[in-house]
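Enquirer: Let me give you the structure first, and then I'll get to my questions.
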Amino acid sequence: MKMRWWLPLLCFLSPLAAGKEYPPRSAPEGTITLYSTLDTAVFEPLLVDFQRVHPEIGVRYENLDATPQYERFVREADAGVRRADLLISTSMDLQVKLVNDGYAAEHVSASADALPAWARWRNEAFGFTFEPAVMVFNRAAMEGRPVPQSRAELIDQIRREPEFWRSRIGTYDISRSSVGYLLASQDVRQSSEFGALVEAFGDIDLQVEEHTATLLERIESGDLVAGYNLLGSYARARAGSDRNFLLVYPRDHTLVLARTVVIARNAPNPVLAHKFLEYLLSVRGQRVMAAQCGLPPIRKELDGVYERLGVNESQIGVLRPISLGPGLLVYLDQQKRRQMLEAWRAILGEIR
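Numbered per mature numbering (1 follows the signal peptide of the UniProt record, and there is no 0), the sequence shown spans residues -17 to -1, 1 to 335.
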């Protein structure tokens, strides 16, 4: 009985997500562990090519949602557990918080310096994709109606035909989706139309989901006519195999986020972690990511920005990248977050 005290600790430290192993292909130098919000199947081509460059390095890839990933890593780090070498997330704000709170390690290289200024912070957080947030429409459901090209046009159409739109527009549940919360907080800061848009959503029973895939499935089935502020890479991949998907980059402005990577300050394999990050930011890694993962690269020397998006320049309005930095911490403040969620719920009522 005296030894039973450690059982809860063992449960606390046990893995919370199933990981996939990529063993070294040659004499092993070590294995790095990645915590990532990217689906394993999407990211796998990068891991395979990384091992072509570094066959001596094994990889363990653990796929988690952004908030559980952040919370798990912080718990482990605070308990002195050294497990994750790198963290990859769509939640730029949570990655910035890791840097701000001293959980990230510095990485200095020519590849890091080649990133746009908005996509790197303190040589510790690095954006490696270029991902617009788009509106997605079911083309067949919109037949005979003009497709909104901006927030103002969407508001106008909702007000003109509320019954057509009722329960047929979806977006992220910002109380559960960290990327949804990030995008909504940026809309609050950058869009003069967002307040009116949320009020319009409140009038027609906005539908909310935690994950992009669920929203896209509901649009594909016709259950939803449209999705707002969805990750463009996933939507574009679905549109490539289903012409009934119509993507719109809002002409008033299109938010752009970057999936962000940090090296853990307490990484068990820091040298190997730096090698992986350098590969991810390299021209080779970015090319593989674009060609095989369907993720838009951020390195500007690869293609023009519009070619990366796979659309014509005439289809896009103002691009507004979300900058990595302390500004993203504002809406992570608990009081600010509570106020935003309360305001969201007050306008939308009992959303589902």
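For glycine and all other residues, C-beta sits at the position ideal for the given N, C-alpha and C.
Because the structure is a prediction, the values reported are computed rather than measured.
Between A218 and the rest of its own chain, which residues show a CB-CB distance below 6 Å, the 5 nearest in sequence each way excluded?
Expert: What you label residue 218 is simply residue 235 of the sequence shown in a count that begins at 1. Correct list, in chain order: V117, V119 and L230.
Enquirer: Does the beta-carbon distance from F109 to V239 come in below 9 Å?
Expert: In the sequence shown, counting from the first residue as 1, residue 109 sits at position 126. In the sequence shown, counting from the first residue as 1, residue 239 sits at position 256. No; because the gap between Cβ atoms is not below 9 Å, this pair is not in contact.
Enquirer: Decide if K283 is buried, meaning its Cβ has at least 16 other Cβ atoms within 10 Å, or exposed.
Expert: Position 300 of the sequence shown, counting from 1, holds the residue named residue 283. In summary, K283 is exposed, with fewer than 16 beta-carbon neighbours lying within 10 Å of its beta-carbon over all protein chains present.
Enquirer: Any idea if I9 is buried or exposed, counting beta-carbon neighbours within 10 angstroms, 16 or more meaning buried?
Expert: As a first step, residue 9 is located in the sequence shown; it is residue number 26 there, counting from the start. Before going further, note that residue 9 is Ser rather than Ile in the sequence given. Looking at its Cβ environment, which holds fewer than 16 other Cβ atoms inside 10 Å, S9 is exposed.
Enquirer: Can you tell me which of the three DSSP states E107 falls into?
Expert: Against the sequence shown, residue 107 aligns to sequence position 124. Three-state result, E107: coil.
Enquirer: Leaving out the 5 sequence neighbours to the left and right, which residues in its chain are closer than 6 Å to R122 when beta-carbon positions are compared?
Expert: Position 139 of the sequence shown, counted from the start, is the residue given in the question as residue 122. The residues are N227 and L229.
Enquirer: Indicate the three-state DSSP secondary structure (helix, strand or coil) for G310 in the structure shown.
Expert: For the purposes of this step, residue 310 is taken as residue 327 along the sequence shown, with counting starting at 1. Helix, per DSSP.
Enquirer: Sorted by chain position, which residues of the same chain lie with C-beta nearer than 6 Å to L137's C-beta, five sequence neighbours on each side aside?
Expert: Start at 1 with the first residue of the sequence shown, and residue 137 comes out as number 154. Excluding sequence neighbours, L137 sits near P131.
Enquirer: Nearest CA to the CA of D225: which residue from I15, L199, P233 and T237?
Expert: On the sequence shown, residue 225 is found 242 positions in, with the first residue counted as 1. Looking at the Cα atoms, L199 is the closest of the given residues.
Enquirer: With 16 as the cutoff for other CB atoms within 10 Å, does V82 come out buried or exposed?
Expert: One-based indexing of the sequence shown puts residue 82 at position 99. By the 10 Å Cβ count, V82 comes out buried.
Enquirer: What residues match up with Q190 in a beta bridge as DSSP calls it?
Expert: Here residue 190 is taken as the residue at index 207 of the sequence shown, counted from 1. Answer is G153.
Enquirer: Taking the alpha carbon of A329 as the reference point, which residue from F184, R270, R267 and P251 has its own alpha carbon closest?
Expert: Indexing the sequence shown from 1 puts residue 329 at position 346. Closest by alpha carbon: F184.
Enquirer: Does the Cβ of C(-7) have 16 or more other Cβ atoms within 10 Å, making it buried, or fewer, making it exposed?
Expert: In the sequence shown, residue -7 corresponds to position 11, counting from 1. Note on C(-7): pLDDT 36, under 50, position unreliable in the model; no value is reported.
Enquirer: Which runs of the alpha helix (DSSP H) spanning at least 4 residues fall entirely within the region 6 to 59, listed in chain order?
Expert: 23 to 36
Enquirer: Compare the beta carbon distance of L165 and I71 with 9 Å and say whether it is the shorter of the two.
Expert: Against the sequence shown, residue 165 aligns to sequence position 182. Against the sequence shown, residue 71 aligns to sequence position 88. It is not a contact, given that the beta carbons lie outside the stated cut-off.
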